[in-house]
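Per full-length UniProt numbering, the sequence shown starts with residue 1, numbered consecutively.
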Amino acid sequence: MRAAHLTRPARAVATRPDPVVLVAHGSRDPRAGAATRALVRAVRAARPGVPVSASWLDHTEPGPTEVLRALAGAGRHRAVLVPLLLTAAYHRRVDIPAAVAAARAAEPELAVRVTDVLGPTGAEVDGALLAALLRRLAEADPGRLDALVLAAAGTRDARARGSVGRVAAALGRELGVPVRVAYASAAPPSVGAAVARLRAAGARRVAVSAYFLAPGLFHDAVTAAARDAGAATISAPLTDAPELAGLVLRRVDAACAGSTRRLNGGPAVPAAPGPRVDAA
1 MRAAHLTRPA
11 RAVATRPDPV
21 VLVAHGSRDP
31 RAGAATRALV
41 RAVRAARPGV
51 PVSASWLDHT
61 EPGPTEVLRA
71 LAGAGRHRAV
81 LVPLLLTAAY
91 HRRVDIPAAV
101 AAARAAEPEL
111 AVRVTDVLGP
121 TGAEVDGALL
131 AALLRRLAEA
141 DPGRLDALVL
151 AAAGTRDARA
161 RGSVGRVAAA
171 LGRELGVPVR
181 VAYASAAPPS
191 VGAAVARLRA
201 AGARRVAVSA
211 YFLAPGLFHD
221 AVTAAARDAG
231 AATISAPLTD
241 APELAGLVLR
251 RVDAACAGST
261 RRLNGGPAVP
271 AAPGPRVDAA
């Protein structure tokens, strides 16, 4: 009589989640770097087990190229890079691809997915971004307002300005008040001028929503101009708002699902999934 052969079930192979690298603009102001590191901690807390690192394009170290090369040196040849940018302007189109290309020139085995920016890239505005802006506005002043100015850094890129306008329109629909866009630099109108025009049109309580990811020179300038023009309140930057951490993870998930453009040549390499949580 022949012995029966037992078939053992195949053992599942555990996969490590791909590292996530956040890439901020960078600033000489130490508050900006602290804000980015706070967001890193928030993303780590929202998705335990996923390695999350900070990098900066300018003024602060390390840069994204250095972080990606260090990951490759540690045997992590796949990564997801998240631009901490609110518009898809020069830094997203030029600086970040150049940083990834430099890393891959030194480490050819690197496979890097780059997500969309955190601001809108199409007609729709992500609800998490709106929720984060509304959170900061309520924290600054939970009272009634008659009009709102959405204050952004400013850009000469018309498409990027259009995306800021879509955020302003979405805030207006949510709050039921007039919303105007203003800029700290590069494009009119200024925040002071926008506040003054709304007040001249009859708005008694004008608030300013800061469309910034971190504190620094621009937010300081916008705050001073808004106060001088008679604004009732101005919100803090988004920094580590839980909704923003959720939005970062949503961008990561979209990239891992292959729904964003990859900067690498060659065939797509599927990313190892991380433990999922619902984005705020």
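Beta carbons: idealized from backbone N, C-alpha and C, even for Gly.
Taking a cut-off of 8 Å for Cβ pairs, the segment 208-216 and the segment 226-245 touch, as three or more such pairs fall below it. If you ignore the 5 residues before and after residue 36, its C-beta comes within less than 6 Å of the C-beta of 24, 54, all in its own chain and listed in chain order.
DSSP places residue 209 in the strand class (E or B) of the three-state scheme.
Residue 50 and residue 251 have their C-alpha atoms some 14 Å from each other. Looking at the DSSP output, residue 149 sits in a beta bridge with 180, 208. Within the model, the alpha-carbon separation for residue 40 versus residue 30 is close to 16 Å. Straight-line spacing of the CA atoms in residue 254 and residue 113 works out to 10 Å. When secondary structure is reduced to three states using DSSP, residue 111 falls in the strand class. Here residue 16 is exposed: its Cβ has fewer than 16 other Cβ atoms, across all protein chains shown, within 10 Å. In this structure, the straight-line span from the alpha carbon of residue 102 to that of residue 158 is close to 29 Å. Apart from sequence neighbours up to five positions away, the residues of its chain that approach residue 110 with a beta-carbon distance below 7 Å are 68, 72, 77, 103, 104, ordered along the chain.
If only complete runs of 4 or more residues are kept, the segment 116-168 shows the alpha helix (DSSP H) at 127-140, in order along the chain.
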